[in-house]
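One structure is given below, encoded as structure tokens.
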Amino acid sequence: MRVGFIGLGIMGRSMWQHIYRAGFPVTVWNRTRSKAEEAVKLGAEMADSPKEVAERSDLIITMVGDTPDVQQVVEGEEGALAGARPGSILIDMSTIAPEATRQLAAAAAKKGVAMLDAPVSGGDIGAQQGTLSIMVGGEAEVLEKARPVLEPMAKSIVHCGPIGAGQTVKACNQILAGLTLLGVVEAFAFAKKAGVELEKMLEVTTQGAASSWALANYGPRIIQGDLKPGFSVRFQQKDLRIVLQEAEQMELPLMGTALVQQLLRAVQAHGGNEDGTHALIRIMEQLGQVEISPKK
Ligand code: NAP
Numbered sequence: 024m025r026v027g028f029i030g031l032g033i034m035g036r037s038m039w040q041h042i043y044r045a046g047f048p049v050t051v052w053n054r055t056r057s058k059a060e061e062a063v064k065l066g067a068e069m070a071d072s073p074k075e076v077a078e079r080s081d082l083i084i085t086m087v088g089d090t091p092d093v094q095q096v097v098e099g100e101e102g103a104l105a106g107a108r109p110g111s112i113l114i115d116m117s118t119i120a121p122e123a124t125r126q127l128a129a130a131a132a133k134k135g136v137a138m139l140d141a142p143v144s145g146g147d148i149g150a151q152q153g154t155l156s157i158m159v160g161g162e163a164e165v166l167e168k169a170r171p172v173l174e175p176m177a178k179s180i181v182h183c184g185p186i187g188a189g190q191t192v193k194a195c196n197q198i199l200a201g202l203t204l205l206g207v208v209e210a211f212a213f214a215k216k217a218g219v220e221l222e223k224m225l226e227v228t229t230q231g232a233a234s235s236w237a238l239a240n241y242g243p244r245i246i247q248g249d250l251k252p253g254f255s256v257r258f259q260q261k262d263l264r265i266v267l268q269e270a271e272q273m274e275l276p277l278m279g280t281a282l283v284q285q286l287l288r289a290v291q292a293h294g295g296n297e298d299g300t301h302a303l304i305r306i307m308e309q310l311g312q313v314e315i316s317p318k319k
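This note's numbering applies: residue 24 is where the sequence shown begins, and numbers increase by one.
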């Protein structure tokens with residue numbers, strides 16, 4: 024199976040390499056050409072457009088930014104669908120809106136192209152180590168055909184339901200990530216203001232029922248004053264916007280998620296758009312008039 028990979032950002036630049044090392048020939052395209060040239064040095068072939076990627080591939084993966092970006096590389100004049108042959112498979116691994124995903128799948132189906140949505144969790148480290156959690160929407164038999172290409176990037180692949188279901192589960196993931204993070208920064212503020220050593224609080228709470236990935240991973244970084252991403256505020260805000268728009272359509276109130284989105288907007292207003300989401304600690308510091316995370 025010849026694989027095409029579109030989008031070599033923080034995630035994509037590591038992900039394609041696992042596929043290549045598993046023995047599949049990979050053709051890449053990236054808007055900023057220099058990143059594709061780097062990939063060529065590591066064994067990829069380079070195409071001049073998403074259309075050309077699709078012409079040369081049986082299975083095409085997109086890993087770009089937001090919903091309009093995926094629409095552009097898939098449906099644009101030079102997009103993947105302009106070059107894809109009937110019988111090929113398109114897999115979007117970006118995090119985008121479930122409804123837009125269903126529309127893309129319908130456009131793909133008109134060309135005889137089967138589509139899966141397969142967003143991921145696990146961050147840049149998961150992409151580097153090939154330990155992503157992949158949540159898949161689409162037809163089960165298409166997933167089985169694609170599985171050998173997805174497996175080298177993943178520690179888990181779960182078929183969540185029909186097209187769009189992967190994006191819906193990813194949205195649930197982002198609700199949980201946001202609200203857990205809020206709990207982490209509030210606990211840090213409380214400990215600091217009450218005069219307890221932050222290391223002790225972290226040592227105890229990471230071993231109990233209140234532990235979480237966010238606490239175990241962001242806690243030490245908050246103590247060290249390391250607010251680099253990981254996962255940027257910019258991307259979390261994109262994902263929470265998707266969540267809240269879908270919730271609005273479903274007439275579902277999500278009070279906690281809306282609060283986290285507003286607090287992260289305050290992080291953005293303070294210049295933290297490209298920081299990791301745990302930069303929320305800076306807003307907590309201001310609200311509580313307490314210094315928690317050393318400034319570097
Ligand atoms: P990134 O580093 O910002 O890279 C984005 C990639 O998309 C770049 O290759 C960029 O090209 C390309 N791109 C963006 N807009 C485009 C457009 N209109 N046309 C063509 N190419 C375009 O992002 P990332 O961290 O790799 O994330 C990619 C996706 O994975 C996002 O949907 C994100 O939400 C999701 N995700 C990210 C993480 C994470 O921890 N980073 C975790 C889970 C899921 P250029 O090189 O030219 O800018």
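Glycine included, each C-beta is placed from N, C-alpha and C at the ideal position.
Taking 7 Å as the cut-off, the C-beta of residue 142 counts as close to a heavy atom of ligand 1. Here residue 34 is buried, its C-beta having at least 16 other C-beta atoms within 10 Å. Non-local C-beta neighbours of residue 191 in its own chain, meaning closer than 6 Å and more than five positions away in sequence, comprise 121, ordered along the chain. At a cut-off of 4 residues, the continuous stretches assigned as alpha helix (DSSP H) that sit fully inside the segment 188 to 239 are 188 to 217, 221 to 228.
Around the CB of residue 186, 16 or more other CB atoms lie within 10 Å, so the residue is classed as buried. Rounded to whole angstroms, residue 168 and residue 221 show a C-alpha spacing of 49 Å. At a cut-off of 4 residues, the continuous stretches assigned as alpha helix (DSSP H) that sit fully inside the segment 36 to 120 are 56 to 64, 73 to 78, 90 to 98, 103 to 106. Rounded to the nearest angstrom, the Cβ distance from residue 304 to residue 245 is 5 Å, consistent with a contact under 8 Å. Going by DSSP, residue 307 is part of the alpha helix (DSSP H) stretching over 303 to 311. Straight across, the Cα-Cα distance linking residue 205 with residue 282 is about 9 Å. With a threshold of 16 other beta carbon atoms within 10 Å, residue 227 falls short and is exposed.
Taking the C-beta atoms as reference points, residue 155 is found no nearer than 8 Å to residue 131. Taking the Cβ of residue 138 as the reference point, every heavy atom of ligand 1 lies at 7 Å or farther away.
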